[in-house]
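Before any comments, here is the structure.
In structure tokens:
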């Protein structure tokens, strides 16, 4: 199930200071709650990717790609 | 108890009272050690309206639970106070071996208060603590006093923290040294120590640090040490020291020559680490438990300064007392470094203040009538060398500059125009790093630094500096590789936020940031592992970063309490308004400016700072267990926004 629409993903990918908007968007989609939003704010991107994989929102392959290519790849995966 | 010794020493120099205070489990877990415990004491015990040189002011020396162990580079000590330079929160840390020795003597922290009637020094020999006469040491350089104390106590192996004549004369950027050459440079705590008539602290310890899970701990240390063996940054730091940055800084245009009027200069490569190693490097020496060993010693071999010897150089000391004042002759720069160390002054502030005066002179704001006949032409090494001594001894024009650039502007009556050239934020001048080339995360860090602005070591967002040597690391932590490019806006707010929290914890553990923020051989997860193995605690990576965030917020609140916030989160306007000129043919940042107004709002969102005042939000403070701080700040928010406050221009406090 896609978390974002393609338009939402493209909008996020275009933001320079993207990390907080991405966390906020995941919270708006109820992927994150207050606790996990704060956790991944503090712990950094790769911990967020691990969490999303653990939650089966992305596959192992997509997680590996997200860590190699960055957040644009991640938000696009979440829009598939 | 594991890791910590579980007690601190409080010394009241007015009464001669020496007290040992226990540190509870909750306190240790909340503040960890070093910078964290020191910041807590400064916030709680030093009112924001107290003169930093008042006897009631505090100076804290703190080490962490890892100090004195085999963890890589775990020998640092944090020194904290209310800064006489900025008037706000201040701290600095130093390497050497003193920190480990303090731990072996049985203490996690020393709090100094009061003022001795005559010059004294403190002698800590395990449980035995004495205040001893130091009248015969007053006026001595640290290297002289160090030897005299060792002879007096009959032990060559003790470790001693000392101030120089500048601290005794309360130069507002005086610093302290341990093992003679390891300086805690910034924010002027040397003056606070001098104001208490304290020359130094000698320590001998015969204890050990208890480790909760020794095998696990040593396995972690071995793994990390093996990483250093092949670490790209370690090789640079060992072979050519922090002066390895010189050629990079020239190429990328951030060396800040002539008070940041130019970012690159063709003659700067003569002072590069490569050249230094070939010509005047005497030997190398590492701090306690360090796998990098970046420390170097210099002996000048020719010219007017032949025969001079001393510790260093470091990039951040040599650039302000070299290119910043227009001096490019390497032996002159090494001489200036040795001189400022002998007197016990922060080389950054010293060079920065002279450079400011030189620009005032260039622009006609001051003349030889103000300077006592000194011609402050760029590159006039004779005058620079003379002024360093005059500042330390508070003689003539040197006495004015000994108060730092911002206060000197007021003492000379130069008004806002004079302040424009001080290259400072909240009363502290820039290190040798122009954000128009070094990077926008660093630049953001200069605006918000919690020990005064314009400080490279506070946020220390080095993912944009040395991150390129670790391909994929920016993506792993920040989610994108682009923040490694200095002058992009991508991810700079988060880079500053993340690294600032981690740096605060690095300073609580008192490990060297060269292992965690310049080299990236040790990452947050590694730090959590060795912390838990030593202490037997079970903190998570999330809690680790949250403690860092707590400390940043507490220090920020110290400034908020002084009504310093959003309006003061600035950087010198030169970086925003003047496009970088070309200094060398292949310079990469010609024409660039630093758009602080575009990076700061993003950073504020991560911090949850109030967008109107810049104060930490009540919500975040409560989440961090700082309810009492939220209560302190509540009535001040409206005061900060009042018309009266808005009209005030605050250059220092």
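Residue numbers (my numbering), protein chains in the order written: chain V, 373 to 452; chain R, 551 to 1203. Backbone N, C-alpha and C fix where the C-beta goes; we use that ideal spot for every residue, glycine too.
- Collapsing the DSSP output to three states places residue 1137 (chain R) in coil.
- Taking a cut-off of 8 Å on C-beta distances, the region 797-815 of chain R touches the region 867-877 of chain R, as three or more cross pairs fall below it.
- When beta bridges are read from the DSSP output, residue 750 (chain R) appears opposite R:671 and R:712.
- Counting only Cβ-Cβ distances below 8 Å, residue 1025 (chain R) has contacts in chain V at 417, 439, 440, 441 and 442, in chain order.
- Using a Cβ-Cβ distance cut-off of 8 Å, the region 737-756 of chain R and the region 661-681 of chain R are in contact, since at least three pairs of beta carbons, one from each stretch, lie closer than that value.
- Residue 1175 (chain R) and residue 581 (chain R) have their C-alpha atoms spaced approximately 11 Å apart.
- Look at residue 973 (chain R) here: in three-state DSSP terms it is coil, with no helix or strand label.
- It is roughly 8 Å from the alpha-carbon of residue 734 (chain R) to the alpha-carbon of residue 896 (chain R).
- Contacts between residue 1099 (chain R) and chain V, judged by CB atoms closer than 8 Å, involve 414 in chain order.
- Counting only Cβ-Cβ distances below 7 Å, residue 1155 (chain R) has contacts in chain V at 392, in chain order.
- Any Cβ of chain R closer than 8 Å to the Cβ of residue 422 (chain V) would place that residue at the interface, and such an atom is absent.
- A Cβ-Cβ distance of about 4 Å is found for the pair residue 602 (chain R) and residue 632 (chain R), placing them in contact under the 8 Å criterion.
- For residue 409 (chain V), the enclosing alpha helix (DSSP H) has its first and last residue at 406-415.
- At least one CB atom of chain R sits nearer than 8 Å to the CB of residue 389 (chain V).
- Of all residues in the region 586-613 of chain R, none comes within less than 9 Å of chain V when Cβ atoms are compared.
- By the Cβ-count criterion, residue 966 (chain R) is exposed, with fewer than 16 other Cβ atoms from all chains shown falling within 10 Å of its own Cβ.
- For residue 719 (chain R), the secondary structure class from DSSP, reduced to helix, strand or coil, is coil.
- Here DSSP, grouped into helix, strand and coil, assigns residue 811 (chain R) to coil.
- Judged by DSSP in its simplified three-state form, residue 903 (chain R) adopts helix.
- Residue contact with chain R for residue 411 (chain V): present (Cβ-Cβ distance below 8 Å to some residue of chain R).
- The beta carbon of residue 1020 (chain R) does not come within 8 Å of any beta carbon belonging to chain V, so the residue lies off that interface.
- With a contact defined as Cβ atoms closer than 8 Å, residue 673 (chain R) and residue 703 (chain R) qualify at about 7 Å.
- Within its own chain, the residues whose Cβ lies closer than 6 Å to the Cβ of residue 1164 (chain R), once the five positions on either side in sequence are excluded, are 1115, 1116 and 1119, listed in chain order.
- Bridge partners of residue 978 (chain R) according to DSSP: R:975.
- Assigned with DSSP and collapsed to three states, residue 1159 (chain R) falls in strand.
- Within 8 Å of the CB of residue 1095 (chain R), the CB atoms of chain V belong to 414 and 415, in sequence order along the chain.
- When rounded, the separation of the alpha-carbon atoms in residue 939 (chain R) and residue 882 (chain R) is 15 Å.
- In terms of Cβ geometry, residue 755 (chain R) and residue 987 (chain R) do not form a close pair [threshold 8 Å].
- Here residue 776 (chain R) is exposed. Its C-beta has fewer than 16 other C-beta atoms within 10 Å.
- A Cβ-Cβ distance of about 6 Å is found for the pair residue 1011 (chain R) and residue 995 (chain R), placing them in contact under the 8 Å criterion.
- Our two residues, residue 1037 (chain R) and residue 976 (chain R), have alpha carbons roughly 24 Å apart in a direct line.
- Taking the Cα positions, residue 1018 (chain R) is about 10 Å away from residue 1032 (chain R).
- Annotated three-state conformation of residue 730 (chain R) is coil, per DSSP.
- Beta-bridge annotation (DSSP): residue 834 (chain R) is paired with R:846.
- Judged by DSSP secondary structure, residue 859 (chain R) falls within the beta strand (DSSP E) whose first and last residues are 859-861.
- Taking the C-beta atoms as reference points, residue 1047 (chain R) is found nearer than 8 Å to residue 1157 (chain R).
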